[in-house]
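Only one structure is covered here, and it is reproduced in the block below.
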RNA sequence: GCCCCCGUAGCUCAGCUGGUUAGAGCUGCAGGCUUUUAACCUGUGAGUCGUCGGUUCGAAUCCGACCGGGGGCACCA
């Protein structure tokens, strides 16, 4: 270790940075105007045969993702958001100083280059550089250029590295972005208004879940991070916004799992004069339309199995779904003891009949729905905001949609009878007092809104993260959230 | 919160029935090469083996605790 001291990779890069500065080059210039997108350049010369040359000069910029020295010629692969192109930097076309300075280019640097388009004798479209410049020096080595970055923890904590290294990751988030854009486009085209309702709420509601709490200093009071947008959106409907939606984050203070991130993105929409049959038809068409727009097909692959999202989706009542899988008829077992006996468990203290049905369904039946399926007509106990079924006793007009063994959406004909809503809240408040931490707190201001008069309304909640999981084939919600929740 | 698996160089991995200075490829550095594309060839550098403690003459290797990750259970969308 006498002469050139053993330097680590970081020190090598910093030394190159210094050498750039010493040579009068700014390693971090302020801009690089007039570049063309690489994808467009590639597109323009798609037909070029091996050895063919053009006199068309292009200027591009991007990250150096490949570098191959070959004596008096250096090949750089430059990548921008639209594509990758090879830059051929030869000593015969570049001033000596400029050619030598290529020594200071590392994988990961941002470089701009100008040159005429040609195809090498191997047929690779290239820009034969007549000029190049450093646009931003990278001071840390990129992940392995061949194996990419595979360590799951690093991929999630340092997503920028994952995005640099893995095309599959870039594709997942392209799918996510396009999915949300397409949903917006479809709802906007149908005349829906997109709104924003409070994330910080004095009272949480609209779902059965434990909330995060926080404190407002100036007001000296507690706030809850919303668990759903439901109640505020229905107040919009009361106010005359007949087609309304919101896409935003909800927060639930519960465990993390491959299907659960504590903050997640939810679409909720409400349409006046619609019911849950209308919302079901709308959802299956929305999802199929999004798949068609984003993937070019309604067929997705999962665990080697093809799933077609094209409507119509299957429809089965909750009672039939449970009966078919377990042989237990929840319409016959209406008592807590009877149902517990049929399942073969002891009813836990504080657990209700509805909760037991929910447990039975989610554990044994839900995973069996691989093809898109609507499960309809839920017990009223589980659905404090859904309207009673128009003809069946004890159930409400509600469905949940399942794909690939996961719930992706939930909908009901909205309860708009304020007195019935008040009774449901009282029931929930009793369960909350009885120790059910996921029950609803009583929200008098919401009941007053209903007293103002809400038209018949159908509403839907669609889990965006889960939809993206389905569309991208991702096995975990952490693969479709850029920066998932991790421990410190 | 509980159970199982994992943590070796910047990256991808080997070594782990305890035994000389812990290895390989890529990356880096030096040199060669004017059409390569995981470029190639020669040489060379790089690691508190997650952390702490224990057993032992001797620990990357065995044991324990802790930290972090993955999967499952519980809970939930």
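Residue numbers (the working numbering): 1 to 488.
A virtual CB, placed ideally from N, CA and C, is assigned to each residue, including glycine.
How should residue 273 be labelled, buried or exposed, when 16 other C-beta atoms within 10 angstroms of its C-beta is the threshold for buried?
exposed
Could you pull the DSSP bridge partners for residue 126 from this structure?
86, 118
How about residue 267 and residue 241: are their beta carbons less than 8 angstroms apart?
no
Using the beta-carbon count (16 or more within 10 Å), is residue 171 buried or exposed?
exposed
For residue 475, I'd like the list of residues in its chain whose CB is within less than 6 angstroms of its CB, leaving aside the five on either flank, ordered along the chain.
Hits under 6 angstroms: none found.
Residue 92: buried (16+ other C-beta within 10 angstroms of its C-beta) or exposed?
exposed
Please give me, in chain order, every unbroken run of the alpha helix (DSSP H) with length at least 4 that falls completely inside the segment 144-228.
152-157, 159-165, 167-189
Would you report the Cα separation of residue 62 and residue 130, rounded to the nearest angstrom?
17 angstroms
Helix, strand or coil: how does DSSP classify residue 239 here?
coil
Look up residue 3 in the DSSP assignment and say whether it is helix, strand or coil.
Since pLDDT at residue 3 reaches only 31, below the 50 mark, its modelled position is unreliable, and the value read off the structure follows with that caveat. It is coil, neither helix nor strand.
Just the C-alpha distance for residue 3 and residue 103, rounded to the nearest angstrom, thanks.
Only weak support exists for where residue 3 lies, its pLDDT of 31 falling under 50; the value from the coordinates is given anyway. Roughly 20 angstroms between the two C-alpha positions.
What residues in its chain sit with their C-beta under 7 angstroms from that of residue 371, if we drop five residues either side in the sequence?
The residues are 307, 314.
Leaving out the 5 sequence neighbours to the left and right, which residues in its chain are closer than 6 angstroms to residue 73 when beta-carbon positions are compared?
90
What separation, rounded to the nearest whole angstrom, lies between the Cα atoms of residue 161 and residue 337?
Between the alpha carbons of residue 161 and residue 337 lies a gap of roughly 55 angstroms.
So residue 288 and residue 310 are supposed to be a Cβ contact under 8 angstroms. How far apart are they, rounded?
5 angstroms
Could you check the C-alpha separation between residue 96 and residue 167 for me, to the nearest Å?
So the two alpha carbons sit approximately 36 angstroms from each other.
Entirely within the segment 245-322 and at least 3 residues each: give me those beta strand (DSSP E) ranges in chain order.
263-272, 299-302, 305-308, 314-317
Please list the terminal residues of the continuous beta strand (DSSP E) segment that includes residue 379.
Residues 373-379.
On the criterion of 16 or more Cβ atoms from any shown chain inside 10 Å, does residue 6 qualify as buried, or is it exposed?
Residue placement at residue 6 is flagged as unreliable, the pLDDT there being 48, under the threshold of 50; a coordinate-derived value is accordingly withheld.
Could you give the distance in angstroms between the alpha-carbon of residue 134 and the alpha-carbon of residue 80?
15 angstroms
Below 8 angstroms between beta carbons: does that hold for residue 489 and residue 169?
What is shown of the chain runs 1 to 488, which leaves residue 489 out entirely.
For residue 120 versus residue 163, is the C-beta distance shorter than 8 angstroms?
no
Can you give, in chain order, each stretch of the beta strand (DSSP E) that sits fully within the segment 435-473 and has at least 3 residues?
Assignment of beta strand (DSSP E) within the segment 435-473, counting only whole runs of 3 or more residues, yields 457-463 in chain order.
If you reduce the DSSP assignment to three classes, tell me which class residue 69 lands in.
strand
Given a threshold of 16 other Cβ atoms within 10 Å of its Cβ, counted over all protein chains shown, does residue 218 qualify as buried or as exposed?
So residue 218 ends up on the exposed side.
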